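Pasting the structure below:
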């Protein structure tokens, strides 16, 4: 079991059960790794492990965005929502976003919380840059990008509660139209 | 310490620390109530307590919406975002939404999860009804209402991570303009 597999296991526990339920002990058990070697990998303890899990997820999403935004903001946003649809619907509405998990539970986890803030900012910045490239003025582009990230994350939460994909479909439809009109004008 | 005060205490713990950290024991301690009497009040245990906490919060938000939507959808949406701004900024970015807390942690809590789904549906239905009254066709009204609820909840999460109110401001600005244009057309 590699270090990266442990981090991936922690990300999966975070997006399903939340920060509080994601202990080093549980992650080691989940990964079939001796507890001692898990602590050895992560001297900063749970905060470090959660921060790395958030960064792993953030980087994955950023890579998808980076690739899809080459075809323009509409395609990037479509891929962003598609990615969340797969996470939520593909896990029977029992998994969401590990970055959100870290943001909504007050605990002693400054490194993980900073990683969560960085993740949201990075995704927003990628979307905003693409909108600017397509003629949207900077302030508006930043606003729209924040809306896309916030609304997608909120959509995932609504889908998990309602055990259905409808909220995400509705939100994606609205935002697709809104972005198309922002790019046109 | 009344039953309702215990429920309110549970809602506050949920929105700060999440579902997993909100035990009957912690809530009783927080409320200064003997553990036995807390269990007596909530024979369904933590699931029942969390469900009642979600319903308490859901009803509070619904009442605000009901009152403000009388002045039209724009005023209702303004009040909805203002309410979340007060929760997040008024608690130093350390509190969010108890309904979200229940939705993002997979645990054995069917009653609380159903209450969370009901809460999101109720708020969306109130907003959608107001949009319809102001001439938006039903499917579009439902879509926009879902977007407002999802985006506001996502905004709260982004603000908590970034320890700043900017994401909520940006998202509120975009949605205010979008709704104004939907009502006009």
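Residue numbers (our numbering), protein chains in the order written: chain A, 1 to 185; chain B, 1001 to 1185.
Glycine included, C-beta positions come from ideal geometry on N, C-alpha and C.
Keep in mind that this is a model prediction, so the values were computed, not measured.
Excluding residues up to 5 positions away in sequence, 1048, 1049 lie with their Cβ nearer than 6 angstroms to the Cβ of residue 1042 of chain B in the same chain. Boundaries of the alpha helix (DSSP H) around residue 173 of chain A: 166 to 184. For residue 1113 of chain B, the enclosing alpha helix (DSSP H) covers residues 1110 to 1133.
Restricted to the region 24 to 77 of chain A, not a single beta strand (DSSP E) segment is unbroken, complete and at least 3 residues in length.
The residues 111, 112, 115, in chain order, have a CB closer than 6 angstroms to that of residue 51 of chain A in the same chain once the five nearest residues on each side in sequence are set aside. CA-to-CA, the gap between residue 1036 of chain B and residue 1025 of chain B works out to about 10 angstroms.
Of B:1175, B:1018, B:1002, the smallest CA-CA separation from residue 1095 of chain B is found for B:1018. At least 9 angstroms separates the beta-carbon of residue 104 of chain A from that of residue 1055 of chain B. Shortest Cα-Cα distance from residue 1063 of chain B to any of B:1143, B:1158, B:1156, B:1119 involves B:1119. Residue contact with chain B for residue 94 of chain A: present (Cβ-Cβ distance below 9 angstroms to some residue of chain B).
Taking a Cβ-Cβ cut-off of 8 angstroms, the neighbours of residue 173 of chain A in chain B comprise 1143, given in sequence order.
For residue 1162 of chain B, the neighbours in chain A by C-beta distance under 8 angstroms run, in chain order, 117, 120, 121.
The beta carbons of residue 1147 of chain B and residue 151 of chain A sit about 6 angstroms from each other, so the pair counts as a contact at 8 angstroms.
Distance between residue 1078 of chain B and residue 1176 of chain B, taken at the CA atoms: about 8 angstroms.
Boundaries of the alpha helix (DSSP H) around residue 1015 of chain B: 1003 to 1017. The beta carbon of residue 79 of chain A sits no closer than 9 angstroms to any beta carbon of chain B. Contact check for residue 153 of chain A against residue 1144 of chain B fails: the beta carbons are separated by 9 angstroms or more.
Taking a contact to require three or more Cβ pairs closer than 8 angstroms, the region 83 to 90 of chain A and the region 120 to 133 of chain A do not qualify as touching.
Between the alpha carbons of residue 10 of chain A and residue 1163 of chain B lies a distance of about 24 angstroms.
For residue 159 of chain A, the enclosing alpha helix (DSSP H) begins and ends at 138 to 162. The DSSP-derived three-state label of residue 88 of chain A is helix.
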